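Here the structure is laid out as structure tokens; the discussion comes afterwards.
Residue numbers (my numbering): 1171 to 1427.
Here it is as structure tokens:
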């Protein structure tokens, strides 16, 4: 169940339940009524009513006996992203970044204490874990997230950690608050963040923050790939200068175009 599934004052429970069901259908990648009811520990009849309602209004479809999310969500997500100024300014630059480095390039923003994968692109032959556009993950798991956290105040960081915690993704994940604070200090000092198998084993990533203004959300860009391709020399001599140059161009575009 999602973290925020609580009976808050003024919350319309039926709406909250509907979105919890939507998220679980997405997480399961498709499911039947019984499977979903068991997974969510809800009555089968309740789950069936919600799924049929969502199917009738076009947000869930039934294929081969399983309910799956419909493409209507892609329509809504596409609209949200298209209106995002960081995406508008950065998507072409991130494409160029991927081609220049021959690695997967990504752009992320922060929302509600999570890192959101706003855009990703990869050159032919790049190796990655196929994280989907729109994916939400913990800020402390990724280079993108840590780069964005490094731009926040101590109180903002505390609020995110208090709300979202520091759960573990791999044995390399930072799960101690003091260790995270130390890491963020290093990121501020050196100007970039490194993700070293902290979310996915074998994957390493380097990210730099994007300076924002009132019109643009906090963001960051990164390149990612197999750990063995991301040695210290390559990061310092090739990847970091390219990332910083790309970030500078995106910042200029958000401020002047």
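Even glycine gets a Cβ: it sits at the ideal position worked out from N, Cα and C. Only a predicted model underlies this, so the values are computations on that prediction, with no experimental measurement involved.
Query: Tell me whether residue 1229 counts as near the ligand PLP, meaning its Cβ is closer than 7 Å to at least one heavy atom of that ligand.; Result: You won't find the ligand PLP in this model; it holds no ligand whatsoever.
Query: Measure the alpha-carbon distance for residue 1320 versus residue 1207 and round it to whole angstroms.; Result: 41 Å
Query: Determine the direct distance from the alpha carbon of residue 1210 to that of residue 1257, and round the result to whole angstroms.; Result: 35 Å
Query: Between the alpha carbons of residue 1417 and residue 1371, how many angstroms are there, rounded?; Result: 27 Å
Query: Between which two residues does the beta strand (DSSP E) carrying residue 1305 extend?; Result: It is not in any beta strand (DSSP E) - residue 1305 carries neither H nor E in the DSSP assignment.
Query: For residue 1254, count neighbouring Cβ atoms within 10 angstroms of its own Cβ and tell me buried if that reaches 16, exposed if not.; Result: buried
Query: Can you check which of these residues, 1286, 1217, 1394, is closest to residue 1250 by C-alpha distance?; Result: 1286
Query: To the nearest angstrom, how far is the alpha carbon of residue 1375 from that of residue 1212?; Result: 40 Å
Query: Going by DSSP, what residues sit across from residue 1366 in a beta bridge?; Result: 1374
Query: Going by DSSP in three states, residue 1214 sits in which element: helix, strand or coil?; Result: helix
Query: Going by C-alpha to C-alpha distance, which of 1350, 1341, 1230 sits closest to residue 1322?; Result: 1350
Query: Would you kindly work out how many angstroms separate the C-alpha atoms of residue 1175 and residue 1414, rounded to a whole number?; Result: Any reading at residue 1175 is ruled out, since the residue's pLDDT is 47, under 50, leaving its predicted position unreliable.
Query: With 16 other CB atoms within 10 Å as the buried threshold, where does residue 1425 fall?; Result: exposed
Query: Looking at C-alpha atoms only, which residue of 1381, 1313, 1393 is the closest neighbour of residue 1270?; Result: 1393
Query: Smallest Cα separation from residue 1234: which of 1200, 1247, 1181?; Result: 1200
Query: For residue 1277, which residues does DSSP report across the bridge?; Result: 1289, 1391
Query: Going by DSSP, name the residue or residues bridged to residue 1232.; Result: 1237
Query: In angstroms, rounded to a whole number, what distance separates the CA positions of residue 1314 and residue 1402?; Result: 18 Å
Query: Taking only the alpha-carbon atoms, compute the straight-line gap between residue 1245 and residue 1229 and give it to the nearest angstrom.; Result: 11 Å
Query: How should residue 1411 be labelled, buried or exposed, when 16 other C-beta atoms within 10 angstroms of its C-beta is the threshold for buried?; Result: exposed
Query: Can you look up residue 1411 in the DSSP assignment and give me helix, strand or coil?; Result: helix
Query: Distance check for residue 1215 and residue 1291, CA to CA, integer angstroms please.; Result: 42 Å
Query: Per the DSSP calculation, residue 1428 is bridged to which residue(s)?; Result: In this structure the chain extends from 1171 to 1427, so residue 1428 is not present and cannot be described.
Query: Is residue 1227 helix, strand or coil by DSSP?; Result: coil
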